[in-house]
Structures are given as structure tokens and as C-alpha cells.
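Residues 158 to 317 in my numbering are what the sequence shown lists, from first letter to last. Virtual Cβ for every residue (Gly too), placed ideally from N, Cα, C. Values in this document were obtained by computation on a predicted structure and should not be read as measured data. Here is the structure we will look at, set down as C-alpha cells.
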Amino acid sequence: MTFTAIDFETATAFHPCSVGIVTVENGIIVDEFVSLIKPPNNLYSPFTIQVHGIYPRDTVNAKSFAQVYPEIQKRLKNRVIVAHNESFDRNVLAKSMALYNLDYADLNIASRWECTVKIYKAKGLKPTKLSDCCREMKIQLNHHEALSDARACAKLYLLR
Numbered sequence: 158m159t160f161t162a163i164d165f166e167t168a169t170a171f172h173p174c175s176v177g178i179v180t181v182e183n184g185i186i187v188d189e190f191v192s193l194i195k196p197p198n199n200l201y202s203p204f205t206i207q208v209h210g211i212y213p214r215d216t217v218n219a220k221s222f223a224q225v226y227p228e229i230q231k232r233l234k235n236r237v238i239v240a241h242n243e244s245f246d247r248n249v250l251a252k253s254m255a256l257y258n259l260d261y262a263d264l265n266i267a268s269r270w271e272c273t274v275k276i277y278k279a280k281g282l283k284p285t286k287l288s289d290c291c292r293e294m295k296i297q298l299n300h301h302e303a304l305s306d307a308r309a310c311a312k313l314y315l316l317r
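In C-alpha cells form, the structure reads like this:
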């Protein structure tokens with residue numbers, strides 16, 4: 158059970174404003190990383206602010222995706238990646254990398270990641286929102302906080 162769980166919170170569409178990454182080695186969490194990310198032009202949708210509570214004032218002095226990327230890269234490269242609703246987080250990563258001319262292939266990760274939504278749906282859990290899965294599996298969660306979400310995803314994957 159060696160993998161990396163990731164969660165992005167977004168400001169608009171696929172522009173991240175926060176990332177949480179949890180590294181698991183042999184079933185044990187060995188590293189956690191979280192960072193605010195300044196989205197392009199520090200623009201936010203009112204809807205996303207309502208979801209995660211991150212405002213432009215919180216990221217006005219934060220690093221850009223390109224500046225945070227070396228930390229992301231060292232945690233993802235050559236790893237099994239897990240996310241809750243993996244297509245969303247994978248697209249945020251891929252589109253952000255493309256925006257800054259970073260080559261996704263350099264990460265050497267699967268084109269589709271492990272997905273705790275799909276895993277728990279297959280187990281018959283309904284609904285499969287992260288908060289619902291965590292409630293069912295008795296996992297503590299501060300929902301829509303990137304590190305808490307990534308940690309919860311890692312724990313769900315460990316319990317699958």
C-alpha cells in the first residue's frame with residue numbers, strides 16, 4: 158500500500174487555489190504537503206469561494222502553480238496516484254501543467270488514477286461524496302480543505 162493521494166481546491170474552472178498531498182508508504186502516512194496557490198490574475202468564482210472559503214485575499218501573495226509545482230512533482234513522480242473523483246483532480250493537474258508548459262508525461266504516472274469514488278460506488282455506498290464516504294467509514298474530515306480531503310482520500314483508499 159504505497160501511493161500518493163492528492164486534492165485540489167479550485168478558484169475557477171481548473172485553476173487551483175490550494176493543493177493537499179499525502180504520501181503513503183507501506184500503509185503509513187509518511188508525508189503531508191499543503192499549499193495555497195495564486196490562480197491566474199487571482200480570479201475566483203463566487204461559487205468556489207462559497208464551497209471552500211478561500212478568497213482572493215488569501216492567495217494574493219501565494220506562489221503560482223509553476224512555483225509550487227516542484228513540490229507537487231517530487232511527491233507525484235513515479236507514484237500510484239489516488240484522488241476522490243480522480244478525473245477532476247487529474248484534469249486540474251494536467252491543465253495547470255499545460256498552462257505553464259510543463260510536460261505531464263515527465264511525471265511518469267498513470268493516465269487514469271485510482272479513484273475512491275469508483276471504489277466506494279462499486280462497494281455499494283450511496284451517495285459517494287467524500288463527506289458521505291468519510292461519515293460511513295468513520296474518517297475525520299474538514300471538507301473542502303485540501304490537506305484534510307487528501308488525507309481522508311488516503312484513508313479511504315487504505316480501507317478499501
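How long is the line joining the alpha carbons of residue i and residue j, rounded to whole angstroms?
i: V239; j: D246; result: 9 angstroms
i: L264; j: A251; result: 11 angstroms
i: Y314; j: R308; result: 10 angstroms
i: T167; j: Q224; result: 17 angstroms
i: V274; j: C291; result: 11 angstroms
i: K195; j: L256; result: 14 angstroms
i: Q297; j: N199; result: 31 angstroms
i: I178; j: T161; result: 7 angstroms
i: L233; j: I266; result: 8 angstroms
i: Q207; j: E271; result: 28 angstroms
Using DSSP bridges, identify the partner residues of residue i.
i: I163; result: I178
i: S192; result: V176
i: I186; result: V181
Taking the beta carbon of residue i as the centre, do at least 16 other beta carbons fall within 10 Å, making it buried, or is it exposed?
i: T143; result: No answer is possible for residue 143: it lies beyond the span of the chain, which begins at 158 and ends at 317.
i: I163; result: buried
Contained beta strand (DSSP E) runs [length at least 3] in the region 212-273, N- to C-terminal order:
238-240
ask   = Is the region 211-221 close to the region 277-294, with three or more CB pairs under 8 angstroms?
value = no
Pairs of beta-carbons, one from the region 179-192 and one from the region 299-308, closer than 8 angstroms: are there three or more?
Using a C-beta cut-off of 8 angstroms, the region 179-192 makes contact with the region 299-308, since at least three inter-stretch Cβ pairs fall below that distance.
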